[in-house]
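What follows is a single structure, written as structure tokens, with notes after it.
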Amino acid sequence: MSSNLIHRTVALFRLKLPKRASTTNPRSLVVEESLRSSLPLGLSELDFDAQFRAIVRTVRDDTELLTARFRDIDNILKAVEVLFHRRAEWTEFIDAFQKVVWDSRELAGEAQAILSDFSQIWVNQFVDPTVSLERKRAELADYTKSSDLLELNIRRIIEAFLRLVERIDRIADAWTTFTSQHGRLAGKYHQLPVMLTNVREVLRVPSEDIFHQKGVYFVIRTLLSVIPFHTTVPLVSANPATQGPILTEPPSYLARDDMKTAQLPIEVTFAVKVVSISYISTAVRVDLRRLAEHMPNSSPDLDHRLNSMYAELAGTFTLYSMLVPALVDYQVSVVSTARPTAPALAPPEDPQRIASPTLRRRTRIQSFQLFSALFQYSIPSRLLLSLHALRPTQVTMPK
């Protein structure tokens with residue numbers, strides 16, 4: 005009778021996850037390999053939901069463990085209640101984590117929109133003699149609006165990551181307290197505290213706002229994490245010999261003050277990558293404000309000066325054009341769970357419907373599966389893979 009009561013009670017919060025789908029997609033294998041090399045040791049193999057599901061299954065099925073540690077039904081029900089609270093805390097953590105990723109996705113959409121419009125419209129007008137200088141300046145000014153609200157939203161993402169770390173600490177402390185009372189559980193699931201520690205590490209962000217009023221070069225350099233702080237900020241460009249990306253220097257007026265701060269290296273964690281992607285939305289506005297300040301005044305040699313600036317900015321335009329599809333890829337990957345390491349929930353959605361509140365609510369229902377998939381298939385790694393794989397468009401001077 006007691007055993008049946010345990011079974012019915014624990015079944016109320018038993019986790020049910022579909023099996024993972026296999027893959028033969030070569031690109032997916034590249035992403036998996038990139039992820040394994042970029043995340044802390046062991047993190048790419050984590051399946052947190054399976055660990056918590058196994059703990060619940062132990063309480064439900066491990067008769068030997070139950071009889072050894074719990075002598076009466078009251079103690080058994082207390083243990084089940086404790087596990088229920090642990091699972092509720094975990095659910096809240098996953099929901100909070102997913103909201104942060106959704107918020108970063110919206111900011112990535114802001115960046116994608118402005119970069120796409122700038123690359124497709126304003127760049128073509130830059131050296132067009134039929135477009136007045138006043139109109140060019142006015143359109144640049146339009147691009148730089150709304151940056152204060154975006155900065156506020158990004159700050160909320162940073163604060164949310166700080167709170168997630170606090171949540172992980174509370175979950176880990178609560179689990180330690182529980183297992184100290186039931187030693188066999190601690191021994192059987194000794195890896196769980198290590199996993200929680202790993203989650204804590206990848207969710208850490210610097211307490212100071214290192215990206216405030218920084219341009220795209222600084223943000224992308226941090227995202228790629230390949231150049232020391234004391235060097236000139238690089239730019240991804242085209243290598244004529246290999247047609248692959250190489251690093252070149254940007255125009256000085258686009259990165260003029262970015263290297264005066266943050267002299268210490270930044271540890272680029274998972275959370276820092278998400279924050280970096282979010283900051284592209286404001287960084288591009290910083291770039292365009294600096295560009296507007298550097299625009300020449302009307303003069304007899306205006307066309308020549310604009311042509312010279314166009315040549316200087318060719319690498320910038322190339323980088324912007326590469327970021328657009330990469331940011332689209334990022335936004336889609338947040339919504340779709342049809343990834344190599346997680347089973348598909350539904351056919352791919354129409355990109356125009358991605359922001360639908362109904363779709364957002366439906367996706368949030370799958371929080372356990374999506375959280376596992378995000379760590380198994382790193383969204384920032386996906387963005388970086390897209391950035392590296394895309395061939396820069398050829399930028400030529402207009403005739």
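So the number in the working numbering is just where the residue sits in the sequence shown, counting from 1, plus 4. The beta-carbon is built from N, C-alpha and C at its ideal position, and this holds for glycine as well.
Item                                                                                                                                                                                             : Value
Using only the heavy atoms of the ligand NAD, determine whether one of them is closer than 7 Å to the beta carbon of residue 129.                                                                : In the structure on display, the ligand NAD does not appear, and there are no ligands present to speak of.
Is it true that the stretch 211 to 219 meets the stretch 113 to 129, where meeting means three or more beta-carbon pairs spaced less than 8 Å apart?                                             : no
By the three-class DSSP mapping on this structure, what secondary structure does residue 155 have?                                                                                               : helix
Under DSSP, the alpha helix (DSSP H) around residue 308 begins and ends at which residues?                                                                                                       : 306 to 316
Provide the residue span of the alpha helix (DSSP H) that contains residue 257, from first to last.                                                                                              : Residue 257 -> no alpha helix (DSSP H), and no H or E assigned at all.
Under DSSP, the alpha helix (DSSP H) around residue 297 begins and ends at which residues?                                                                                                       : 274 to 298
Use the C-beta contact count for residue 141: other C-beta atoms within 10 angstroms, 16 or more gives buried, fewer gives exposed.                                                              : exposed
Going along the chain, which residues of its own chain have a beta-carbon closer than 7 Å to the beta-carbon of residue 275, five neighbours each way excluded?                                  : 165, 206, 207, 208 and 209
Within 10 angstroms of the Cβ of residue 225, are there 16 or more other Cβ atoms? Answer buried if so, exposed if not.                                                                          : buried
Identify, in the order they occur along the chain, each residue of the same chain with its Cβ nearer than 8 Å to the Cβ of residue 204, setting aside the five sequence neighbours on each side. : 169, 172, 173 and 176
Do residue 130 and residue 334 have their C-beta atoms within less than 8 Å of each other?                                                                                                       : no
Which of the three DSSP states, helix, strand or coil, is assigned to residue 219?                                                                                                               : coil
Got a sec, what are the start and stop residues for the alpha helix (DSSP H) residue 197 sits in?                                                                                                : 195 to 206
Using a Cβ-Cβ cutoff of less than 8 Å, which residues in the same chain neighbour residue 133 once the five nearest sequence positions on both sides are dropped?                                : 307
Taking just the CA atoms, how far does residue 148 sit from residue 155?                                                                                                                         : 12 Å
What residue range does the alpha helix (DSSP H) around residue 138 cover?                                                                                                                       : 137 to 147
Taking residue 280 and residue 223 to be in contact with their CB atoms under 8 Å, please state how far apart those CB atoms are, rounded to whole angstroms.                                    : 5 Å
What did DSSP end up calling residue 121 once you bin it into helix, strand or coil?                                                                                                             : helix
Residue 125: which of 336, 283, 325 and 86 sits nearest, CA to CA?                                                                                                                               : 325
Just verifying my parser: in three-state terms, what is the DSSP assignment at residue 236?                                                                                                      : Bear in mind that the predicted position of residue 236 carries a pLDDT of just 39, short of 50, making it too unreliable to give a figure here.
Using three-state DSSP, classify residue 301 as helix, strand or coil.                                                                                                                           : coil
Can you give the Cα-Cα distance for residue 200 and residue 157, rounded to whole angstroms?                                                                                                     : 27 Å
Measure the Cβ-Cβ separation of residue 219 and residue 152 and say whether it is below 8 Å.                                                                                                     : no
So what's residue 134 in DSSP terms, helix, strand or just coil?                                                                                                                                 : coil
Output needed for residue 288: all residues of its chain with C-beta closer than 7 Å, excluding positions within five of it in sequence on either side, in chain order.                          : 115, 118, 119 and 220
Is the beta carbon of residue 295 sitting closer than 8 Å to the one on residue 327?                                                                                                             : no
Grab me the residues of residue 310's own chain with a C-beta within less than 6 Å of its C-beta, minus the 5 sequence neighbours each way, in chain order.                                      : 131
Looking only at its own chain, which residues have a Cβ that is under 6 Å from the Cβ of residue 336, when we skip the five neighbours before and after it?                                      : none
Taking just the CA atoms, how far does residue 329 sit from residue 304?                                                                                                                         : 39 Å
Assuming residue 282 and residue 161 are in contact, meaning their beta carbons sit under 8 Å apart, how far apart are those beta carbons, in whole angstroms?                                   : 6 Å
Measuring CA to CA, which of 180, 86 and 136 is closest to residue 301?                                                                                                                          : 136
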